[in-house]
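First comes the structure, then the notes that go with it.
Numbering (our numbering), first residue to last: 2 to 267.
Dropping the structure here:
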């Protein structure tokens, strides 16, 4: 059966860079990008062209950061998409390869972050499930010291991005992808839960703050109504641009009034 031709639009590296500049991305800034390649149209060069366009817009003094998460390095008892038979769980835990920042591929964050992860000069943080990859002069400052018991909190790249005045780019991605909102969960605070992962010494369970993106689309809509968010299109994709610090501060207030958290004193 013949494959139908693409419907477009045709998008190039230059189109990506020009669209980002019109949105407000500036040379020299630090950008945390959440992205969807398919939303952009027919990109000549695919994810490589998108990363090149991002780097063109940021210039040699800018820093690009992406989530390089590995959700598959987790307890198979929690897998739902797809689940695996319960009789497999113990063997999966015993044989799952430990996280290696150089070798472990990303999962569930799209092809653009995986392209950044493997880009010459890219650095990646140490958390076995919620790492970030970065390119640019601030890459080491952002990725170093990511505590292996702090997925997206004060000892993660998110807190450093907040302090550095970084901005979030949603490039064809929705607010449910906005990892900055998770930093607010550490400050509300959310309860601790056991989180399993493979380590070089075998399977280990570590207490981590409970995180979920449930309600993030509603949170994002409210945030956009009340706080300045630059909106535009890049290729065929809807794009949004806003400070990490604004997103975290707003999410702290929103989550406190929209979620039921246990009293930490009890």
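Note that the Cβ used here is the ideal one computed from N, Cα and C, for glycine as well.
From a predicted model like this one, the values you see are computed outputs, not experimental measurements.
Determine the burial state of residue i: buried for a count of at least 16 other Cβ atoms within 10 Å of its Cβ, exposed for fewer.
i: residue 78; result: exposed
i: residue 4; result: exposed
i: residue 259; result: exposed
i: residue 280; result: Outside the displayed span of the chain (2 to 267) sits residue 280, for which this structure offers no information.
i: residue 91; result: exposed
i: residue 206; result: exposed
i: residue 160; result: buried
Provide the residue span of the beta strand (DSSP E) that contains residue i, from first to last.
i: residue 135; result: 133 to 136
i: residue 234; result: 231 to 235
i: residue 96; result: Per DSSP, residue 96 belongs to no beta strand (DSSP E); it is in the alpha helix (DSSP H), 90 to 96.
i: residue 110; result: That residue, residue 110, is in no beta strand (DSSP E); it is neither H nor E in DSSP.
i: residue 172; result: 168 to 172
i: residue 62; result: Looking at the DSSP string, residue 62 is not in any beta strand (DSSP E), and its letter there is neither H nor E.
i: residue 13; result: Run containing residue 13: none; DSSP gives neither H nor E here.
Helix, strand or coil: which one does DSSP assign to residue i?
i: residue 155; result: coil
i: residue 215; result: coil
i: residue 2; result: coil
i: residue 69; result: coil
i: residue 200; result: strand
i: residue 125; result: strand
i: residue 192; result: coil
i: residue 76; result: coil
i: residue 24; result: helix
i: residue 209; result: strand
i: residue 117; result: helix
i: residue 160; result: helix
i: residue 228; result: coil
i: residue 266; result: Annotation note: pLDDT 48 at residue 266 (below 50); position unreliable, no value reported.
i: residue 325; result: One cannot answer for residue 325 here, as it falls past the ends of the chain, which runs 2 to 267.
i: residue 33; result: strand
So, for residue i: in the same chain, excluding its five sequence neighbours on each side, which residues have a beta-carbon less than 7 Å away from its beta-carbon?
i: residue 182; result: 217, 220, 248, 252
i: residue 189; result: 253, 256, 257, 262
i: residue 7; result: 43
i: residue 141; result: 124
i: residue 28; result: 59, 60, 62, 63
i: residue 18; result: 54, 57, 58
i: residue 127; result: 102, 147, 149
i: residue 201; result: 99
i: residue 109; result: 70, 72
Once you ignore the five residues that flank residue i on each side, which residues in its own chain have a CB closer than 8 Å to its CB?
i: residue 193; result: 208, 209, 210, 211
i: residue 222; result: 176
Where does the unbroken alpha helix (DSSP H) through residue i begin, and where does it stop?
i: residue 254; result: 245 to 259
i: residue 181; result: 181 to 188
i: residue 144; result: 140 to 144
i: residue 49; result: 47 to 59
Less than 8 Å between the CB atoms is what I'm expecting for residue i and residue j, so what's the real figure, rounded?
i: residue 125; j: residue 244; result: Not quite, the Cβ-Cβ distance comes to about 24 Å (not below 8 Å), so this is no contact.
i: residue 44; j: residue 51; result: 6 Å
i: residue 62; j: residue 138; result: 6 Å
i: residue 144; j: residue 121; result: Their Cβ separation, rounded to whole angstroms, is 16 Å, which puts residue 144 and residue 121 out of contact at 8 Å.
i: residue 180; j: residue 106; result: About 18 Å separates the two Cβ atoms, so there is no contact after all.
i: residue 198; j: residue 75; result: 6 Å
i: residue 136; j: residue 117; result: 6 Å
Identify, in the order they occur along the chain, each residue of the same chain with its Cβ nearer than 6 Å to the Cβ of residue i, setting aside the five sequence neighbours on each side.
i: residue 231; result: 24, 25, 242
i: residue 178; result: 35
i: residue 42; result: 9, 10, 12, 236, 237
i: residue 55; result: 65
i: residue 85; result: 77
i: residue 267; result: A caution first: residue 267 carries a pLDDT of 45, below 50, which makes its placement in the model too unreliable to give a value.
i: residue 171; result: 35, 241
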